[in-house]
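When we follow the numbering used here, the leftmost residue of the sequence shown carries the number 8, and every step to the right adds one.
Here the structure is laid out as structure tokens; the discussion comes afterwards.
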Amino acid sequence: MTMEYFEELLKRPSLFKDESKLDINYIPEKLPHRDKELSLLSQLFLGLITNPNSISRKILITGKTGIGKTVTVKLFGELLERASKKRNINIKYVHVNCRKERTSYNVLIRLVQLMNNKFPKRGYSSQDLLDILIEFLQRYNLHILVVLDELSYIINKHEDLIYSLTRINDDTVKGDQRLSIIGIVRDISCLNNLDNSTVSTLQRNILKFKKYSNNQIFDILKYRTDNSLKINIISDKLIRMVSEITYNSGDIRGGLNLLWRSCKIAESKNLKYITAECIRLGNQDLLPFSTLDILEEMNSQKLTFLLAIIKALDNSDKIEISFIETLKRYYILCENVGLNPRSDSQLWHYLQEFKRENIIVTKIVSEKIKGRRAIIKIPDLSLRNLEKNAIEILNSKGIEI
Ligand SMILES: Nc1ncnc2c1ncn2[C@@H]1O[C@H](COP(=O)(O)OP(=O)(O)O)[C@@H](O)[C@H]1O
Ligand SMILES: [Mg+2]
């Protein structure tokens with residue numbers, strides 16, 4: 008028996024050429040089937056280069072999750088910076104994820120810190136920050152393209168960041184235009200809370216990203232595997248198989264993740280290439296990225312209630328359980344983790360949200376006694392994986408299960 012475990016493993020050739028290029032955050036050099044969008048963005052922003060600081064653009068991008076909105080804009084930002092640098096024009100591109108930043112104030116801090124990374128996080132009003140930003144932009148003769156990704160997350164809080172930001176162009180000396188905006192949202196219904204003038208500006212310039220077709224997904228996944236896997240590791244037929252699985256949700260992240268998992272499985276089985284079985288195994292019990300997004304957005308209380316439902320279902324051996332059974336489990340869980348339980352009516356409200364989020368299915372047995380007679384099922388998702396992810400997220404919020 009050899010004790011050279013590491014040596015044995017290291018001798019094994021990897022099937023990956025560059026694993027990081029399959030990562031969902033990697034920005035590839037090319038984006039198959041987003042040519043049209045990149046070309047349109049370039050036309051829209053050309054004026055920033057031909058007439059520096061005399062034009063400002065405000066664009067809204069919409070479209071479903073996982074269809075390349077973020078990556079297209081990131082690549083575009085790089086192209087814009089490159090083209091302007093070549094001509095000695097100062098344009099800076101800033102990508103802000105509003106879901107992560109949470110408030111308009113944090114977004115403004117991010118922008119100011121871009122120019123002075125030691126700038127303190129507290130102690131200023133939003134108006135102060137806007138004034139500081141204007142001064143910076145003038146001092147460095149700079150135009151910034153601010154991308155507000157997942158914009159709906161701050162719109163809901165009735166803070167009109169876009170309105171404040173566009174005011175920057177009104178307040179500069181000589182009427183210089185120093186700031187452009189690209190907002191990214193899933194659908195435009197979230198704009199209802201915005202100031203009317205902001206809405207009308209944005210509505211004039213909407214760029215809608217369409218879902219990819221089955222063949223387009225194939226081309227994209229093929230391109231991404233060519234970059235990340237060694238040659239002859241996966242056949243076109245199997246990329247087609249992954250594309251078809253991905254097409255259901257349309258979310259390319261699912262396809263990239265499945266390719267990565269399948270390749271890891273092939274490696275662990277000591278295979279020289281990926282087989283259909285590797286893909287089947289890789290796809291088993293996977294939660295869709297859209298569900299993971301939803302779990303991550305839940306507050307601890309709602310997620311704890313969901314965990315109670317999952318645990319109650321898992322332990323009951325039945326395919327469905329009543330609302331009242333989940334409540335019992337929920338109270339025990341709350342006591343164990345030290346949370347104050349929410350009221351039954353709040354939990355009923357969460358239940359309706361889980362339904363809309365396609366996590367559970369409910370059936371009302373008797374309309375007379377509202378709520379208490381609801382029967383709950385989780386038909387489409389792997390309980391084991393739901394539980395695992397819910398616990399991980401709760402742990403990350405400091406709740407030990
Ligand atoms: N045309 C494409 N070519 C290569 N990769 C793509 C393409 N479109 C999307 N992707 C990849 O798919 C994933 C999802 O794209 P993303 O831009 O995050 O979607 P969205 O912002 O619309 O939710 C990312 O990892 C991205 O790199
Ligand atoms: Mg995105």
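Using N, Cα and C, we set each Cβ at its ideal position, and we do this for glycine too.
Keep in mind it's a predicted model, so treat the numbers as computed, not measured.
Secondary structure note for G54: its alpha helix (DSSP H) is the uninterrupted segment D42 to T57. Within the DSSP bridge table, the entry for K370 names I382 as partners.
In the same chain as G262, and ignoring 5 residues on each side of it, the C-beta atoms closer than 7 angstroms to its own belong to I224, L228, V249, S250 and T253, in chain order. Look at the region 241-286 and you find these whole runs of alpha helix (DSSP H), each 4 residues long or longer: 243-256 and 259-275. Just measuring C-alpha positions, the residue of S403, L314 and L346 sitting nearest I367 is L314.
The alpha-carbon separation between V192 and D156 amounts to approximately 7 angstroms.
Spanning the alpha carbons of K37 and K76 requires a straight line of approximately 14 angstroms. In the three-state scheme derived from DSSP, where H, G and I count as helix and E and B as strand, I34 is classed as coil. Shortest Cα-Cα distance from S352 to any of I339, N365, E342 and L334 involves L334. A Cβ-Cβ separation of about 45 angstroms leaves F13 out of contact with L45 under the 8 angstroms criterion. Short of 7 angstroms from the beta carbon of K384, and not among the five residues preceding or following it, lie these beta carbons of its own chain, in chain order: I326, E327, I367 and V368. Under the three-state reduction of DSSP output, N60 falls in the coil class, being neither helix nor strand. Taking the C-beta atoms as reference points, E399 is found no nearer than 8 angstroms to V344. Under a 10 Å Cβ-count criterion, Q184 is classified as buried, with 16 or more other Cβ atoms of the shown protein chains found around its own Cβ. At a threshold of 7 angstroms, I191 counts as near ligand 2, since its beta carbon sits closer than that to one of the ligand's heavy atoms.
For ligand 2, residues qualifying as neighbours are K76, T77 and D156, where qualification means a beta carbon closer than 6 angstroms to at least one of its heavy atoms (chain order). For I189, the enclosing beta strand (DSSP E) stretches over residues L186 to V192. I66: member of the beta strand (DSSP E) spanning K65 to T69, first to last residue.
Out of L390, I161, P39 and I141, the CA that lies nearest to the CA of D292 is found in L390.
Taking 8 angstroms as the cut-off, the beta carbon of L236 is found no closer than this to the beta carbon of L47. Under DSSP, D156 takes part in a beta bridge, and its partners are N104.
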